[in-house]
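Protein chains: 2
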Amino acid sequence: MRGSREILAPGATIGILGGGQLARMMGHAAARLGLNVHIYSPVADCPAAQIANLLITGEYDDAESIIKFASDCDVVTYEFENVPAVTAKAAASEAPLRPNARALDVAQDRLTEKSFLQAQLGIDVAGFEDIDNVFTLRRALKRLGYPGVLKTRRLGYDGKGQVIIRSEPDIDAAWEKLGGDTLPENALILEAFIPFTREISIIAARGLDGSCKAYPLTENTHENHILHTSLAPAPRDNGEAQKIAFKILDALDYVGVIGVEFFEMKTGKLLVNEIAPRVHNSGHWTQNGGCIDQFEQHIRAVAGWPLGSTVPNCRVKMTNLIGEAVNQWPALALQANTHIHLYGKKEVRAGRKMGHINQTS
Amino acid sequence: MRGSREILAPGATIGILGGGQLARMMGHAAARLGLNVHIYSPVADCPAAQIANLLITGEYDDAESIIKFASDCDVVTYEFENVPAVTAKAAASEAPLRPNARALDVAQDRLTEKSFLQAQLGIDVAGFEDIDNVFTLRRALKRLGYPGVLKTRRLGYDGKGQVIIRSEPDIDAAWEKLGGDTLPENALILEAFIPFTREISIIAARGLDGSCKAYPLTENTHENHILHTSLAPAPRDNGEAQKIAFKILDALDYVGVIGVEFFEMKTGKLLVNEIAPRVHNSGHWTQNGGCIDQFEQHIRAVAGWPLGSTVPNCRVKMTNLIGEAVNQWPALALQANTHIHLYGKKEVRAGRKMGHINQTS
């Protein structure tokens, strides 16, 4: 193991599991600090490989390749929470894994996540029930009421792996849609549908020394279950979201950036929707906020550096460029306060995150 | 030739001659716009290669390699003005060369540069004389007066290739120091020593459509002839420097970013010291000024994109980290408004630019 609990000097190597846009932007930040970047991805010409020192191609469940990859790194981090447990374990045998395996464990299973938040930390979440079969689903809907949201416990993202049940006649179709009786046991969770007034998120970080910092609250809108815009600093912030984020960071002995998504109720009460143990799409605005951006913040944390300033000097509205929206780049390039960030993806596909813009004011 | 006078779409390839920190930061900017980056450098593990899609190693005078390199690019640009004429010609045979060969021609010879500025454009420069031999040097010093600065016409940078002559007894030593009788004909120039009150520079850009934009004036300090700090926007600016820069850009039918260095006299009069047909060290502050930075501006220009905003939203002080100064990074990382930019150079050497910081206020 090359890494330690010491600060990594320029010239050290950060290994990143995953080669998408989050790894690409972490890679840029790492290079800015003089750190080398090695990418592990099953895809050869992935966005991060284009800008990294080295790409190792391999499957995520190929422990031998992961071990070889990690053995050349001073620390290993990741851009997505669905790193298999075997992978995390293999990586951690060779280099410090930051954030740690516990963070992955909690974040990759909605039931574990919600139980951890509610039972262990006393943090409010939407009502939820473990779903074994269509009978427990019916019983759970009676308890939580309609509408309810049936979700896969694992691997859901951007609205994938979930379906709303508005009334009893929807139950069978919803059950079938998510795989129904073909699913393994304990694959689903039912969550109460939350009539929120705002969707907000907080991007926070915890350093190797246990110190925490958070960026200002971000207000988000979604389209087709995919993040569409983030506005920061959000118009109203009572500091509650930051407190919750720090509680989670400390409980997990976390190192790195975390994204915590909330539903805000009419009463102002916050429910945690989900946590992402990584840099987060709703934190992209930080790149043009005048502060240390979330990507550098994550790299600083996992490299043992002190956390950077999270205080922006302007307001930023981030808008994702999804699918064909990326073709607006010529018009966007003409706008004075618009910063364009594209991901180097060769193929435009519906629903695919191709880039984003940050508009400052 | 793949390129044209059209705007290059994301996915197109920018070729950069040179693999140092300027190419590295241009590469980051290009990637942000979804453009591919190919680097041509004689050095395998150069700063830019670490973050580029592709590195082609080859000598700058190897026309065959340059042609092969350029044939895969949609446009070719460069990070240094001493690209040999043969190289520029070879590259331009395969892809548009931006800025053009004329800009290189003017900038790489101090005599050509000063004649172009003064005779062709009527721009004030320090008095100068072409020096053939020690006799013309003596005569020139009588005309321009003491002190004078004897310089090589080509390949000087950071104070290399120049020596001050304070009085007549210095002449022979100065002549010998720069190579004296071993030099080819017409290798030297004598410039009047300018008792300036400020060293300032302007970073400007000209797009493919001929439109020009300039960043606010920058005030610079040097240590040991190497840029030490740049402060922008400079405290006083009457707009004269920008006018001069635009005049130069138009006269050269220039495409890309240019750096123009000035001496400001007690009277407020500006003398152009030199022009750099590329992104410039005194423009590094733009990375954290809230505007489109000079690296993206250059990429935008050479790719035919519209120029971005040059209006900062804060004041920035850039300080170079020269040689051992880079070892201050742990302390610098603790400062709230300090942005660190390191270049990935493995070896610390005295006088070597290892990185810079931008401090915002």
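In order, the protein sequence lines correspond to chains A and B. Per my numbering, residue 93 is the first one in the first sequence, and the count goes up by one each step. Per my numbering, residue 93 is the first one in the second sequence, and the count goes up by one each step. All C-beta atoms in this analysis are idealised placements derived from N, C-alpha and C, irrespective of residue type, glycine included. None of these values were measured; they are calculated from a predicted model.
Expressed to the nearest angstrom, what Euclidean distance is found between the alpha-carbon atoms of A/Leu300 and A/His372? Looking at the two C-alpha atoms, the distance is approximately 20 Å.
Could you check what DSSP says for A/Leu125 in three-state terms: helix, strand or coil? Three-state DSSP puts A/Leu125 in coil, outside helix and strand.
Counting C-beta neighbours from all protein chains within 10 Å, is the total for B/Asp471 16 or more, i.e. buried, or is it exposed? In the structure as shown, chain B begins at 93 and stops at 453. Residue 471 of chain B is therefore absent and cannot be evaluated.
Check for me: the alpha helix (DSSP H) holding B/Gln334 runs from which residue to which? Unbroken alpha helix (DSSP H) run through B/Gln334: Glu332 to Ala343.
If you count every other CB in all the chains shown that lies within 10 Å of the CB of B/Ile256, and 16 or more means buried, which is it? Classification for B/Ile256: exposed.
List the endpoints of the continuous alpha helix (DSSP H) containing A/Leu100. A/Leu100 -> no alpha helix (DSSP H), and no H or E assigned at all.
Taking Cβ-Cβ distances below 9 Å as the criterion, which residues of the region 160-194 of chain B are in contact with chain A? Taking 9 Å as the Cβ-Cβ cut-off against chain A, none of the residues of the region 160-194 of chain B qualify.
The region 109-125 of chain B: positions lying closer than 7 Å to chain A by Cβ: Listed by position, the residues of the region 109-125 of chain B near chain A (Cβ gap below 7 Å) are His120, Ala123, Arg124 and Leu125.
The beta strand (DSSP E) enclosing B/Arg498, as first and last residue numbers: Only positions 93 to 453 of chain B appear in the structure, and residue 498 of chain B is not among them; the question remains open.
CA nearest to the CA of A/Ile367, picked from A/Val241, A/Arg194, A/Glu353 and A/Glu260: Ranking A/Val241, A/Arg194, A/Glu353 and A/Glu260 by Cα distance to A/Ile367 puts A/Glu353 first.
In terms of residue numbering, what span does the beta strand (DSSP E) encompassing B/Leu209 cover? Where B/Leu209 is concerned, there is no enclosing beta strand (DSSP E), given that its DSSP letter is neither H nor E.
Taking only the alpha-carbon atoms, compute the straight-line gap between B/Thr321 and B/Val241 and give it to the nearest angstrom. Between the alpha carbons of B/Thr321 and B/Val241 lies a distance of about 23 Å.
Round the Cβ separation of B/Thr452 and A/Gly382 to the nearest angstrom and send it over; I've been treating them as touching at under 8 Å. That pair is a contact at about 6 Å.
Cα-Cα separation between A/Arg230 and A/Ala265, rounded to whole angstroms: Cα to Cα, A/Arg230 sits roughly 13 Å from A/Ala265.
Meets three-Cβ-pair contact criterion under 8 Å: the region 336-344 of chain A and the region 278-290 of chain A: No, the region 336-344 of chain A does not touch the region 278-290 of chain A.
Are the beta-carbon atoms of A/Ala66 and A/Ile432 separated by less than 9 Å? A query on residue 66 of chain A cannot be resolved here, the shown segment of chain A reaching from 93 to 453 and no further.
Using the three-state DSSP reduction, which class does B/Gln389 fall into: helix, strand or coil? Correct three-state label for B/Gln389: helix.
Note down the Cα distance separating A/Tyr346 from A/Thr179, rounded to an integer number of angstroms. Cα to Cα, A/Tyr346 sits roughly 18 Å from A/Thr179.
Under a Cβ-count criterion, where at least 16 other Cβ atoms within 10 Å of its own Cβ denotes burial, should B/Leu247 be classed as buried or exposed? Residue burial is scored here from C-beta neighbours: B/Leu247 has fewer than 16 other C-beta atoms within 10 angstroms and is therefore classed as exposed.
Could you tell me whether any Cβ in chain B is nearer than 9 Å to the Cβ of A/Cys304? Not one chain B Cβ lies under 9 Å of A/Cys304.
Using 8 Å as the threshold, is the region 308-316 of chain B in touch with the region 157-173 of chain B, meaning 3 or more CB pairs across them? By the Cβ rule, the region 308-316 of chain B does not count as touching the region 157-173 of chain B, because fewer than three pairs are nearer than 8 Å.
Specify, as a first and last residue, the run of the beta strand (DSSP E) that B/Thr430 falls within. Taken as a continuous stretch (DSSP letters only), the beta strand (DSSP E) holding B/Thr430 covers Thr430 to Leu434.
Check whether the region 430-450 of chain A touches the region 214-227 of chain A, counting contact only when three or more Cβ pairs, one atom from each stretch, lie closer than 8 Å. Counting Cβ pairs under 8 Å, fewer than three are found: no touch.
Within-9 Å CB hit, B/Pro325 to chain A: Between B/Pro325 and chain A, the shortest Cβ-Cβ separation is not below 9 Å.
B/Glu173, DSSP secondary structure in three states: Secondary structure of B/Glu173 (DSSP, three-state): coil.
A/Pro239: contacting residues in chain B (beta-carbon distance under 8 Å): Under the 8 Å cutoff, chain B gives no residues; its nearest Cβ is about 40 Å from A/Pro239.
Please confirm whether B/Tyr435 has its beta-carbon closer than 9 Å to some beta-carbon of chain A. For B/Tyr435, the nearest CB of chain A lies under 9 Å from its own CB, placing it at the interface with that chain.
On the DSSP letters alone, give me the boundaries of the beta strand (DSSP E) that B/Asp222 sits inside. Secondary structure note for B/Asp222: its beta strand (DSSP E) is the uninterrupted segment Phe220 to Ile223.
Taking any Cβ of chain A, which residues in the region 384-410 of chain B have a Cβ under 8 Å from it, in chain order? If the cut-off is 8 Å between Cβ atoms, the region 384-410 of chain B has Ile384, Arg392, Trp397, Pro398, Gly400, Ser401, Val403, Asn405 and Cys406 near chain A.
Check the Cβ of A/Asn450 against every Cβ in chain B and list those closer than 8 Å, keeping chain order. Chain-ordered listing is empty here: chain B has no CB closer than 8 Å to the CB of A/Asn450, the nearest sitting near 11 Å.
Give a yes or no on whether the minimum CB-CB distance between A/Trp267 and chain B is below 9 Å. Judged by the 9 Å Cβ criterion, A/Trp267 is not in contact with chain B.
Identify the contact partners of B/Pro102 in chain A, using a Cβ-Cβ distance below 7 Å as the criterion. Think of a sphere of 7 Å around the beta carbon of B/Pro102: the chain A residues whose beta carbon falls inside it are Trp421 and Leu434, in chain order.
Is the Cβ of A/Val418 closer than 9 Å to any Cβ of chain B? Under the Cβ criterion of 9 Å, A/Val418 is counted among the residues facing chain B.
A/Gly382 CB to nearest chain B CB: under 9 Å? True, the Cβ-Cβ gap to chain B drops below 9 Å.
In whole angstroms, give me the CA-to-CA distance for B/Ser163 and B/Asn145. So the alpha carbons of these two residues sit roughly 16 Å apart.
Beta-carbon proximity list for B/Phe355, same chain, < 6 Å, skipping 5 on both sides: The answer, listed in chain order, is Ile286, Phe288, Leu363 and Asn365.
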